[in-house]
Every structure is written in structure tokens, then in C-alpha cells.
Amino acid sequence: MILRGVNEMFVWGDRTGNALEEISRTGANCIRLVWTLAEGTAQELDALLERCAGLGMLPIAEFHDATGKWEELDAVVSGWLRPDYLAVTKKAPRPTGTEHRKRSRRRGDRFRLRSRVFGCAAPPAPGGNPLSPDDRCRVLGPGLRTSLRTGSALVHLDPLKNVLLSVHMWWPAKNSGGSPESAARRVVDALADAQAKGLPLVVGEFGAAFSEAGEVQEQDRIAWQTILEECHAREIGWLAWSWGGVPNQPQRDLDITRDGRFETLHGWGREVALEHPLSIAHTAKPIEWLRKR
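Numbering-wise (the numbering used here), the sequence shown opens with residue 2 and increments by one.
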């Protein structure tokens, strides 16, 4: 199963998941739910996870509190260990229905080990769910170079070897050699390198452009078509940023829809969801075990 889906900032405006049915109409088989300890509750997140699964979309919960703030990472890990969030991870959808229960006595220790090593992007339930450390590229860190250098070690440090590295390709032309051709080459080279190293990888975020002030110039554009092509050729998953029920500020051009409704898909968002030959609608395969749970 190859991930094909979108991100949405539910915690900042749609905590009940009004957009989920609209997103499912694209055929997406996954969705990344932006969440925070500071503003959301475990009960709200639990309801979102169950609703996603009921629609046949694999939920990927992400705590955003430590984004660009390495000093906050330990607090995020501790948040996953709180009894209310730990209860959510224990019941979160997973591909196996029995093995994790056999390991219940060791669950706490393994959970802490995996959490402390990797941080948290996906709920790190020790019996089945993968950890997905996010590599926030361009502005917030060294980007994919870090994953390429340390990814194999991260995977082997995990007692379950159940790690999915997530790269965020916010790589506009201005930061990628200055031309559309160099921006596309950066994508090709990076994904080829990751594949050559045998790294488990997903493109967790990308858009059509990234501007500093919300007004897109040519140098702000990202080679998103190349991302689709290379991911398809290499069988790598991707999740576009972001649905738009909760608007981006000030980069409104990143909103896939105008107001969170399927009918308002527009621009690059309509292409990536429906019209491009490698769009969600044309390439996403349903997750059969999730439909049958």
C-alpha cells in the first residue's frame, strides 16, 4: 500500500473533522492530522482518528508543538505518554488485530524507548503503528540531508524496525539552484539517493510554491509535478499540504480547496487531487484491512 493523501490543520479550526468526508471524496487513503498538546484534547483526537478509519483513510496524527523548536521535543514525547493520549494510541487503527495485545505487558517500556529516540509524528503505539520522524526542510533545518545521513541508524535503533522517515519538500526554485530545472533535479537526486540507501520514506508535506509574504513569484515555485512523477516511479507515498478548510496564512495559494469543500478544489490543488494523471484520484489504492476493521 502506497500512501496518497493530504494534510489538514484540524486543531486550528476543525476539531470535529467536518472536512473528512470531503477529503475522502478524492479517494485519499490517508490523512495527516495536525494537532497540538496546547490546544487539542485526547478525546477530540480520538474521535478524529476513528472517523478517519471509518472513511477508509489511514490517520497520521502529528503533534506540531515542537515544530522548529527542538527544545520542546521532550515535552511532546511526554505528551504522548500522558494517560489520555496513551489510551488513544492503544486503540488507534493498525494492520494487526492480535499481536499488539500479546505484548501488552511490555508496551509501556517499549513505548518510552521508541518515543525518546525518535520523537513523535505518528502515534507510536508499540504493537503496530510506525514512528514517523519529520524532517522539516528548507527553513527549519538541514532537511533531507540529515535523513540520508542518519536514516538507516534511526531505523535500526527502533526495537521494532518500524520507522517511516518523512521529508517535507518545501524546496522552491530560489533555494534549489535558482531555476525550475535545478529545483526538479534536486527532487530527483534526493529521492534517488534515499532509494539507493534503502530508506523507508514518505513525502509528508509539499505544495506548488512557498512564498514569504503570500504573493507567489516564479522563484517561489516548487517542482510538485516532479515530486508526483518521482514518487510514482519509486513507489514512495506523499501527502499534499493542505486541504484548506483551515486556511494557510499568509500562503493562501497552498489551500487545495477554497473553503474545505470538495466542490471548491482549485488550481494546483484540483490537479494534485483529481486531474493530474498521478493525482490522488488516479493512484490511491484503498486500504483493505482498514475497511474491514
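C-beta: ideal position from N, C-alpha, C; glycine also.
Quick check on DSSP: helix, strand or coil for residue i?
{"i": "H233", "result": "helix"}
{"i": "E9", "result": "strand"}
{"i": "L295", "result": "This structure cannot settle anything about residue 295, because the visible part of the chain is limited to 2 through 294."}
{"i": "S133", "result": "coil"}
{"i": "A39", "result": "coil"}
{"i": "S167", "result": "strand"}
{"i": "T90", "result": "helix"}
{"i": "T27", "result": "coil"}
{"i": "A76", "result": "helix"}
{"i": "E216", "result": "coil"}
{"i": "R16", "result": "coil"}
{"i": "D159", "result": "coil"}
{"i": "R83", "result": "coil"}
{"i": "W244", "result": "coil"}
{"i": "G152", "result": "helix"}
{"i": "I228", "result": "helix"}
{"i": "E289", "result": "helix"}
Does residue i pass the burial test, meaning 16 or more other C-beta atoms within 10 Å, or should it be called exposed?
{"i": "W244", "result": "buried"}
{"i": "E72", "result": "exposed"}
{"i": "P201", "result": "buried"}
{"i": "D221", "result": "buried"}
{"i": "P287", "result": "exposed"}
{"i": "A174", "result": "buried"}
{"i": "H267", "result": "exposed"}
{"i": "R5", "result": "buried"}
{"i": "A197", "result": "exposed"}
{"i": "R33", "result": "buried"}
{"i": "T27", "result": "buried"}
{"i": "T258", "result": "buried"}
{"i": "D85", "result": "exposed"}
{"i": "S183", "result": "exposed"}
{"i": "T90", "result": "buried"}
{"i": "N19", "result": "exposed"}
{"i": "R95", "result": "Here the model assigns R95 a pLDDT of 46, short of 50, so the residue's position is not dependable, and the following value carries that caveat. Buried."}
{"i": "P248", "result": "buried"}
{"i": "S180", "result": "exposed"}
{"i": "A191", "result": "buried"}
{"i": "G152", "result": "buried"}
{"i": "R106", "result": "Confidence is the limiting factor: at R106 the pLDDT is only 33, short of 50, which leaves the residue's position unreliable and the question unanswerable from this model."}
At a cut-off of 8 Å, would you count residue i as near the ligand ATP, judging by its Cβ distance to the nearest heavy atom?
{"i": "D85", "result": "This structure lacks the ligand ATP, and indeed carries no ligand of any kind."}
Pull up the DSSP beta-bridge partners for residue i, would you.
{"i": "R222", "result": "A210"}
{"i": "I32", "result": "V7, P60"}
{"i": "R282", "result": "At residue 282 the sequence reads Ala, which differs from the Arg that was named. According to DSSP, A282 bridges with nothing at all."}
{"i": "W239", "result": "R5, V204"}
{"i": "L266", "result": "T258"}
Within the region 43-67, ranges of the alpha helix (DSSP H) (whole runs, at least 4 residues): 43-55
Alpha helix (DSSP H) segments (min. 4 residues) lying fully within the region 170-211: 181-197
Given 8 Å, three or more beta-carbon pairs between the region 175-189 and the region 233-242: no
Cβ contact (3+ pairs, closer than 8 Å) linking the region 51-67 and the region 207-222: Verdict: no, contact absent.
Three or more C-beta pairs below 8 Å linking the region 222-229 and the region 261-279: Enough Cβ pairs lie closer than 8 Å, so yes.
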